[in-house]
Amino acid sequence: MPMNYTVSLLYSCNSRCSTCRIWKKKANNLSPEEYRKIFRSVGRSPYWITFSGGEPFLRRDIVEVISSIYKISRPRIINIPTNGLLVSTIVEKVEAIALACPKSQIIINVSIDGIEAQHDEIRNVPGNYKKAISTFHKLKALKLPNLQVGIHTVISRFNVESFYSIANELMRLQPDSYITEIAEERVELDTIGLDITPGKVAYKSAIDFLIHRIKNEKYKGMSKITMAFRIEYYNLVKAIMRDEKQVIPCYSGLASCQISPDGDVWSCCVRAKSLGNLRDTNYKFRKVWYSKKAKKDRRSIH
């Protein structure tokens, strides 16, 4: 059974990012009761669960969904990315989630891809930057013992040349962690064929700068572990871009998986190839995970 789960709660999103078109997709979202059935089958195997979207906080029942899964599976880490647009809603629901899941480390990553107008332009939402910054500060002000508030930047061809100033400004805000991800073509995000990936030379320069900054920052607790892993991730991405091939074994379909909003189980979000739908197996995750189709998919990866 996997230890890392990504639960995509919905495709709906109130941003219109230049690096993502997931908001165009439609799904018949799983209900809280359906999630309870799924995770009763999963049991206590999850160590880390990411609740993603779309924009996760557009789900009015997000607190019920996450608290229900927590009671069943007790993950060590609960991670939720957000665009930060629904300021008061996000702060209210994050506080409720943190209080309902006291033995889990709650990590909220506010997505910010540029400073001021640049962020709004990439996200195609006027005023997004100010709202995201407001959300970040208000979440930090909660000062809950099991809550960490980080910032996340997607490095793309739209912002790679200004990444130095972006990173410096965002790290000045002293997030509990500052992580980045490279914009890439993914089936899940409907970005196949889009020219969004930064150039190799510019990306390497940006990441070398970020690694240097991280090594000179002081992180505590889980953030210290997270940032150590991120340094390894950044070095691997550079190597993959340089060699244009996978440089280490991929453990998608073994250590990790993703559950789509309508119940499809994927080995990873890049291919988004369904191993089976949980609604077709009476929500028995193991029936999908150990199926012949899943075994065939693992062989194609490993």
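The end of the sequence shown is residue 288 by this note's numbering, with every number in the run present. From the three backbone atoms N, C-alpha and C, an ideal C-beta is built for every residue, glycine too.
Can you tell me the Cβ-Cβ gap for residue i and residue j, rounded? I've got them flagged as a contact below 8 angstroms.
| i | j | result |
| --- | --- | --- |
| Asn0 | Trp34 | That belief does not hold up - the Cβ atoms of Asn0 and Trp34 are roughly 26 angstroms apart, past 8 angstroms. |
| Asp99 | Asn145 | 6 angstroms |
| Ser59 | Pro32 | 5 angstroms |
| Ile217 | Ile197 | 6 angstroms |
| Ile165 | His138 | 5 angstroms |
| Tyr205 | Ser163 | 7 angstroms |
| Thr121 | Val73 | 5 angstroms |
Near residue i, which residues of its chain fall below 6 angstroms by C-beta distance, leaving aside the five closest residues on each side in sequence?
| i | result |
| --- | --- |
| Arg352 | In the structure as shown, the chain starts at -13 and stops at 288, and residue 352 therefore has no counterpart that could be examined. |
| Ile93 | Asn65 and Gln134 |
| Gly249 | Leu16, Asn263, Leu264 and Arg265 |
| Asn14 | Asp248 |
| Cys254 | Ser238 |
| Glu174 | Cys255 and Ala258 |
| Pro(-12) | Ala241, Ser242 and Cys243 |
Pick helix, strand or coil for residue i, following the three-state DSSP scheme.
| i | result |
| --- | --- |
| Thr177 | coil |
| Glu155 | helix |
| Pro61 | coil |
| Asn114 | helix |
| Tyr220 | helix |
| Val274 | helix |
| Val135 | strand |
| Tyr205 | coil |
| Asp99 | coil |
| Thr36 | strand |
| Thr166 | strand |
What do you reckon, are the CB atoms on residue i and residue j nearer than 8 angstroms?
| i | j | result |
| --- | --- | --- |
| Pro88 | Asn132 | yes |
| Gly136 | Ser97 | no |
| Leu44 | Leu(-4) | yes |
| Val140 | Ala169 | yes |
Could you tell me which of the options sits nearest to residue i, measuring between CA atoms?
| i | options | result |
| --- | --- | --- |
| Arg127 | Val77, Ala169 and Ser142 | Here the sequence assigns Ala to residue 127, which means Arg is not the residue at that position. Of Val77, Ala169 and Ser142, the residue nearest in Cα terms is Val77. |
| Arg143 | Thr5, Leu(-4) and Leu261 | Thr5 |
| Asn221 | Ile193, Gln232 and Pro61 | Ile193 |
| Arg62 | Ile182, Gln91 and Ile226 | Gln91 |
| Ser286 | Ala153, Leu72 and Leu240 | Leu240 |
| Ala82 | Gln104, Ile101 and Tyr56 | Tyr56 |
Give every residue of the same chain whose Cβ lies closer than 7 angstroms to the Cβ of residue i, excluding the five residues on either side of it in the sequence, and list them in chain order.
| i | result |
| --- | --- |
| Asp47 | Pro18 |
| Lys10 | Asp176 |
Using C-beta distances below 8 angstroms, list every residue in its chain close to residue i, excluding the 5 sequence neighbours before and after it, in chain order.
| i | result |
| --- | --- |
| Glu20 | Gly249, Leu264, Arg265 and Tyr269 |
| Arg80 | What sits at residue 80 in the sequence shown is Val, not Arg. Correct list, in chain order: Ile66, Ile92, Ile94, Leu125, Leu128 and Leu133. |
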